[in-house]
Amino acid sequence: MNSMLRSLIQAVRRWRLLRQGVSLGGKARLGPAVRASRGWGLAGAGSIRCGPDLQLEDGVILDAWGGSIRIGTNVFVGPHAVIYGHGGVEIGDHTLLSMHCRILSSNHTVPPMGTLIRSQPDIPLPTKIGRDVWLGAGVTVLGGVTIGDSCIVGAGAVVTKDLPPGSISHGTPAVVQRQRDDAPAV
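26 is the number of the first residue of the sequence shown in the working numbering; add one for each residue after it.
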């Protein structure tokens with residue numbers, strides 16, 4: 026495919042997201058079938074703001090559900106990753122979200138027996154992913170969690186609690202195994 030056609034395809038994809046109310050920084054590279062929705066909440070329309078040098082791969086879903094999604098500079102979001110911004114999601118600069126990651130920012134209310142779960146409102150839980158973070162394939166980050174700067178989270182992990190900066194963790198639930206300072210030199 027020649028560069029002119031590639032540029033045209035990128036322009037159409039960018040236009041589609043801009044039309045949906047997404048704020049995109051310069052030099053965004055957008056894969057096919059990227060979906061974005063601001064949604065509506067009690068405070069009105071949600072918001073999605075993306076910094077420059079963003080890369081969204083095929084099938085990424087950004088859904089603010091009336092909340093907010095803020096993605097920093099030079100962030101890579103792998104194929105089929107899903108980010109739900111009900112309670113607010115922030116992703117720091119130079120972060121890598123591998124394929125099939127899920128970032129949540131709310132939870133369901135747990136009502137007493139006899140009350141339908143589905144009839145209860147969500148609880149917004151702000152989620153923050155720091156700068157220079159790497160989430161391996163299929164990582165799930167639950168609402169209300171903060172992942173510190175420079176963390177690495179192994180594939181398939183479920184992050185249920187805050188992770189300190191520079192930590193390497195994995196498992197279900199994710200458990201800190203060591204600090205990056207302890208990693209052998211490559």
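Where is the CB? At the ideal position from N, CA and C, for every residue including glycine.
- Closest by C-alpha distance to G163, out of R205, R127, R156 and T197, is R127.
- Distance check between V183 and each of H125, L30 and A70 places H125 closest, using alpha-carbon atoms only.
- With a beta-carbon spacing of about 5 Å, G161 and G179 fall inside the 8 Å limit used to define contacts.
- At a Cβ-Cβ threshold of 7 Å, K186 and T171 do not count as neighbours.
- Approximately 7 Å separates the beta-carbon atoms of P190 and C176; this is inside 8 Å, confirming the contact.
- Straight-line spacing of the CA atoms in L33 and R63 works out to 25 Å.
- When the beta-carbon positions are compared, L43 and C75 stay at least 7 Å from each other.
- From the listed residues P146, Q35, S192 and L81, the smallest Cα separation to G97 is found for L81.
- At a Cβ-Cβ threshold of 7 Å, L188 and G168 do not count as neighbours.
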